[in-house]
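Residues in the sequence shown are numbered consecutively from 673, following the working numbering. C-beta: ideal position from N, C-alpha, C; glycine also. Small disclaimer: the values here were computed from a predicted structure and weren't measured. Here's the structure we're looking at; comments come further down.
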Amino acid sequence: TALAKNHGLGLDEMEAIERIGVLHASALYERWCLVKIISILVEDYEFKPEMGWQESLIRAVTGKPQSLTLRFCRDDLGWCAFLEVQPELQNGRRPDFRLRFMQYEPVPENHPTQTQSRDVPFEPVRLHHTMPNGLVMDAKFRTQWRRGELGRTLTSLIQEKGYDQEGDRIFILHPAPRSMLQPSSPLI
673 TALAKNHGLG LDEMEAIERI GVLHASALYE RWCLVKIISI LVEDYEFKPE MGWQESLIRA
733 VTGKPQSLTL RFCRDDLGWC AFLEVQPELQ NGRRPDFRLR FMQYEPVPEN HPTQTQSRDV
793 PFEPVRLHHT MPNGLVMDAK FRTQWRRGEL GRTLTSLIQE KGYDQEGDRI FILHPAPRSM
853 LQPSSPLI
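As structure tokens, then:
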């Protein structure tokens, strides 16, 4: 199909996508959130995805659930974004997504560790400006929240599920408009 040709997907990947079938609304929303996160990293923030990311992503979301880490880089800024899908936390829990950033120094073109691929021309090197904490995101498909339910859900993700145990900040992805009486985000 045109989709396969335009995005370099093979027949196996297209057949795997077809096998997804009908998904529950919450699973469909979770996958939509994943596409939006990738889109924001690539289109809005101009991070470049690693080679073969489409195939890895398709394998991760079409088979039995498994963890996946996708790497996106900005050579001009010296930053990598690591998007983890269903990461396994130290306590065994699996949030939907975790996004972490790392600063690196590009490897010179003639350096012996330089990869053959021009699409990923660096080896990340940790620096003192690395963000050790990330953002854990959990997708909750709700068209509306009862009074206090969003806050209780966030508290549950922190206190009961321990999503913040590695110092990560917790964020609930949801489509319900005006769900917070007093939003605390500077993005409003």
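For the segment 715–776, the continuous alpha helix (DSSP H) assignments of 4+ residues that do not extend past its boundaries occur at 725–734, in sequence order. Cβ contact annotation for C705 (same chain, cutoff 6 Å, sequence separation greater than five): A811, L845, in chain order. The beta carbons of Q738 and Q762 sit about 18 Å from each other, so the pair does not count as a contact at 8 Å.
In the three-state scheme derived from DSSP, where H, G and I count as helix and E and B as strand, R703 is classed as helix. Contact annotation: A753 and L713 have beta-carbon atoms nearer than 8 Å. Unbroken alpha helix (DSSP H) runs of no fewer than 4 residues, entirely contained in the segment 808–838, are found at 821–831, following chain order. Under DSSP, the beta-bridge partners assigned to I842 are V808. Judged by DSSP in its simplified three-state form, A848 adopts coil rather than helix or strand. With 16 or more other Cβ atoms from the protein chains shown falling within 10 Å of its own Cβ, D768 counts as buried. In chain order, L755, F769, L771, M809 place their CB closer than 8 Å to the CB of I709, counting only its own chain and leaving out the 5 sequence neighbours on each side. Distance check between V707 and each of V733, I842, Q831, G820 places V733 closest, using alpha-carbon atoms only.
Across the set Y717, F744, D716, E718, the C-alpha of F744 shows the shortest separation from the C-alpha of Q726. A direct Cα-Cα distance of roughly 12 Å separates Q831 from G823.
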